[in-house]
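Below: the structure, in structure tokens.
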Amino acid sequence: MAGCADDKEAGAQVEQREVDFRTLDDVIFTRFDGDTENLIMILQDITAECNYLPRGALIYVAEKLKVPLSEIFGAATFYKAFSLTPRGKYIVNVCLGTACHVRGAEKVKESLEQRLNIYEGETTEDLKFTLDTVRCVGCCALGPVVTVNEKAHGGLDRAKALKVIEKYEKEASQTDSSMERGMS
Ligand code: FES
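Heads up, the sequence shown is in my numbering, so the first residue is 4 and it goes up one at a time.
Listed below in structure tokens is the structure:
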């Protein structure tokens with residue numbers, strides 16, 4: 004996440020991030036020509052860099068684009084894809100569309116809430132997982148479906164859903180340990 008300088012403390016509830024203004028300049032001016040017409044794409048790219056929209060970044064965008072901050076916040080809060088609070092490395096969406104619902108999606112959701120110790124819309128303290136729901140991701144025949152970031156996992160029940168989470172936990176800890184090795 005090049006756009007956010009992370010200052011992580013294990014177990015900290017909220018990760019302190021400082022906005023990297025050079026990256027914001029790159030997003031605003033190099034990628035999108037400082038054009039207010041590209042505001043949504045600018046916010047998408049900042050989200051891709053930081054996993055959410057830090058307040059400092061929104062203030063910076065407002066200044067640079069010479070757009071009222073209220074307008075920036077309006078766009079940032081209108082779309083579900085944007086978040087003003089830190090989100091997890093893995094965004095877990097449980098599909099609660101009709102086809103998934105009739106096959107037990109609610110139970111899958113409950114088991115994930117218990118496993119991750121969070122409710123819908125929340126993020127784990129270690130910032131690994133955010134749990135959310137969606138209405139149909141377009142692969143109804145595979146229901147119940149859970150997506151993790153862009154990847155869909157189908158045919159889930161409680162146990163299979165937990166296995167999916169375990170897989171990503173393992174992946175996250177492997178990434179963490181290889182980063183630690185790289186820093187030592
Ligand atoms: S209802 Fe879940 S994928 Fe369509």
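Think of the CB as a built atom: it goes at the ideal place given N, C-alpha and C, for glycine as much as any other residue.
Remember, it's a predicted structure, so these values are computed and weren't measured experimentally.
Per DSSP, residue 142 forms a beta bridge with which residues?
Paired residues: none, contrary to the question.
Using a threshold of 8 angstroms, state whether the C-beta atoms of residue 111 and residue 147 are closer than that.
Against a cut-off of 8 angstroms, the Cβ pair of residue 147 and residue 111 comes out as a contact.
Using a Cβ-Cβ cutoff of less than 7 angstroms, which residues in the same chain neighbour residue 179 once the five nearest sequence positions on both sides are dropped?
Nothing listed; no residue qualifies.
In whole angstroms, what is the alpha-carbon distance linking residue 41 and residue 79?
The straight-line gap from Cα to Cα measures roughly 13 angstroms.
Exposed or buried, which one is residue 9 when buried takes at least 16 other CB atoms within 10 Å?
Summary for residue 9: the model assigns pLDDT 47, below 50, so the residue's position carries little reliability, and this model does not support an answer.
Under 7 angstroms from any heavy atom of ligand 1, does the C-beta of residue 53 make it?
No, Cβ of residue 53 sits at least 7 angstroms from all heavy atoms of ligand 1.
Assuming residue 134 and residue 159 make a contact with CB atoms under 8 angstroms, what is their CB distance in whole Å?
No, residue 134 and residue 159 are not in contact; Cβ-Cβ is about 14 angstroms, not under 8 angstroms.
Short of 6 angstroms in beta carbon distance, which residues of its chain neighbour residue 54, apart from the five on each side in sequence? Order them along the chain.
For residue 54, where only same-chain residues beyond five positions count, the Cβ hits under 6 angstroms are 90.
Using the Cα positions of residue 100 and residue 140, report the straight-line distance between them to the nearest angstrom.
For residue 100 and residue 140, the distance between alpha carbons rounds to 8 angstroms.
Can you tell me where the alpha helix (DSSP H) with residue 3 in it begins and where it stops?
Summary: the structure shown does not reach residue 3, with the chain confined to residues 4 through 187, and so no result is reported for it.
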